[in-house]
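As given, the protein sequences belong to chains A and B, one line each in that order.
Heads up, my numbering is the position in the first sequence plus 22, with the first residue counted as 1.
Heads up, my numbering is the position in the second sequence plus 1306, with the first residue counted as 1.
Some notes on the structure that comes next.
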Amino acid sequence: MKHIFKIITLLVAISALWIGLLQMSLVPRSHTWLLPIYFIVSLGCYGLLMVGIGLMRFPTCPQEAALLQQDISEANEFLKQRGVDVGSD
Amino acid sequence: MAAEKELKNKGGDKYSLIVPTYNERLNIALLVYLVFKHLRNVDFEIIIVDDGSPDGTQDVVKQLQQVYGEDRILLRARPKKLGLGTAYAHGLKHASGNFVVIMDADLSHHPKYLPAFIKKQQETGASIVTGTRYITGGGVHGWNLMRKLTSRGANVLAHTLLWPGVSDLTGSFRLYRKLVLEDLINSCVSKGYVFQMEMIVRASRKGYRIEEVPITFVDRVFGSSKLGGSEIVEYLKGLAYLLVTT
């Protein structure tokens, strides 16, 4: 099944639930009418929250840059000895 | 690295490293040296697919062939820039290994992680081992806040919409079984880094076993991987394309 259909199915299921709620009037209708808006707002909040957490916990590795510089000078030395043109870096 | 010492050459596995290059004269020699340093007891070959670099990348590759042997370093050049996907397909045609590793030439993918890829594959029997920057032990260096923000945003969007089951969709440091890579390349049509995303999403949908190893990504050329408006549009198009076709 194409992925878009999975998502559509999910949305249809949620809509069905919502229409059911509207019909049964367990909660006041005015509240039920607002549910889709809550849904969209909470989806947006989820997205922002995930991006925020991702940014805060963004893994960085400054030590790797230093290690790479060591590797590069080691490689340059070896390659120069073997007559490989490593240019002026 | 500990992984390196424990690495055994099991059952005659051979690894073909495909490295597409364009104007990587300074980096390709460093990369080759580091690969040979970190893959000691492994049967491998490096296939360099150069897209007609005007900076003399191919001359350096020929010098490297003198040092390491023409059977270990294969130069399979193309006349001009023809795109990443076709570069892999081109390299694949010349690959004699049963596993293929794809990596960038600019040293943002460090060869010291290769033993971890191989070990992970041997332990799990996975069809694909993909390097990820976003799990413990991984990381990125050299990105500004804007770059991090777009990266996280793109990742959250892709995970919410596609449920790919892989943490790093746009990374391109990966090990594939050769047959799997052939299959995937034939079914992928995107370009640029959307291509990387398409490969891994299709692989996941096809039910190939995918494992992850942490890698660090050092961006040495500041601003080289900047994301402009057009890239973001391309990314969103790619996402929509994957939504309706996978």
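Where a beta carbon is used, it is the ideal one built from N, C-alpha and C, also for glycine.
Original post:
Do the CB positions of Ser1559/B and Glu1517/B come within less than 8 Å of each other?
Top reply: Nothing can be reported for residue 1559/B, as the shown portion of chain B is limited to 1307 through 1552.
Original post:
Are His1416/B and Leu90/A touching if we call contact CB-CB under 8 Å?
Top reply: Yes, the pair counts as a contact, with Cβ atoms nearer than the cut-off.
**OP:** With a floor of 4 residues, list each alpha helix (DSSP H) that falls wholly inside the region 1480–1520 of chain B, ordered by position along the chain.
**Re:** Listed in chain order, they are 1484–1493, 1498–1511.
Original post:
Just how far apart, CA to CA, sit Arg1526/B and Lys1484/B?
Top reply: Answer to the nearest angstrom: the Cα atoms are 30 Å apart.
Subject >> Distance, Trp1449/B Cα to Gly1529/B Cα >> reply: Residue placement at Gly1529/B is flagged as unreliable, the pLDDT there being 46, under the threshold of 50; the coordinate-derived value follows with that caveat. Looking at the backbone, the Cα of Gly1529/B and that of Trp1449/B are separated by about 8 Å.
Original post:
Residue range of the beta strand (DSSP E) that Glu1351/B falls in?
Top reply: Glu1351/B -> beta strand (DSSP E) spans 1349–1356.
Subject >> Where Gly105/A sits in the DSSP three-state scheme >> reply: Looking at Gly105/A - three-state DSSP - the assignment turns out to be coil, as it is neither helix nor strand.
Original post:
For Thr1442/B, does the count of other Cβ atoms within 10 angstroms reach 16, so buried, or fall short, so exposed?
Top reply: Around the beta-carbon of Thr1442/B, fewer than 16 other beta-carbon atoms lie within 10 Å, marking it exposed.
Original post:
For the alpha helix (DSSP H) that Phe61/A lies in, which residues bound it at each end?
Top reply: For Phe61/A, the uninterrupted alpha helix (DSSP H) segment begins and ends at 51–78.
Original post:
When burial is assigned at 16 or more other CB atoms within 10 Å of the CB, is Val1486/B buried or exposed?
Top reply: For Val1486/B, the number of other beta carbons within 10 angstroms of its own is at least 16, and it is reported as buried.
Subject >> Member of Ala1401/B, Pro1421/B, Ala1411/B, Lys1320/B whose CA lies at the smallest distance from the CA of Ser1359/B >> reply: Nearest of Ala1401/B, Pro1421/B, Ala1411/B, Lys1320/B to Ser1359/B, Cα basis: Ala1411/B.
**OP:** Pull up the distance between the alpha-carbon of Gln1427/B and that of Ile1434/B, whole angstroms please.
**Re:** Approximately 8 Å between the Cα atoms of the pair.
Original post:
For Thr1552/B, which three-state DSSP category applies?
Top reply: Assignment of Thr1552/B by DSSP, reduced to helix, strand and coil, places it in the coil class.
**OP:** Report yes or no: is there a C-beta of chain A within less than 8 Å of the C-beta of Met1307/B?
**Re:** Any answer about Met1307/B is weak, because its pLDDT of 45 lies below 50 and its placement is not dependable; what the coordinates show is given next. It does not; no Cβ of chain A falls within 8 Å.
Subject >> Supposed contact pair Ile1379/B and Val1338/B - C-beta distance, whole angstroms, cut 8 Å >> reply: With 8 Å as the limit, Val1338/B and Ile1379/B qualify as a contact, their Cβ atoms being about 6 Å apart.
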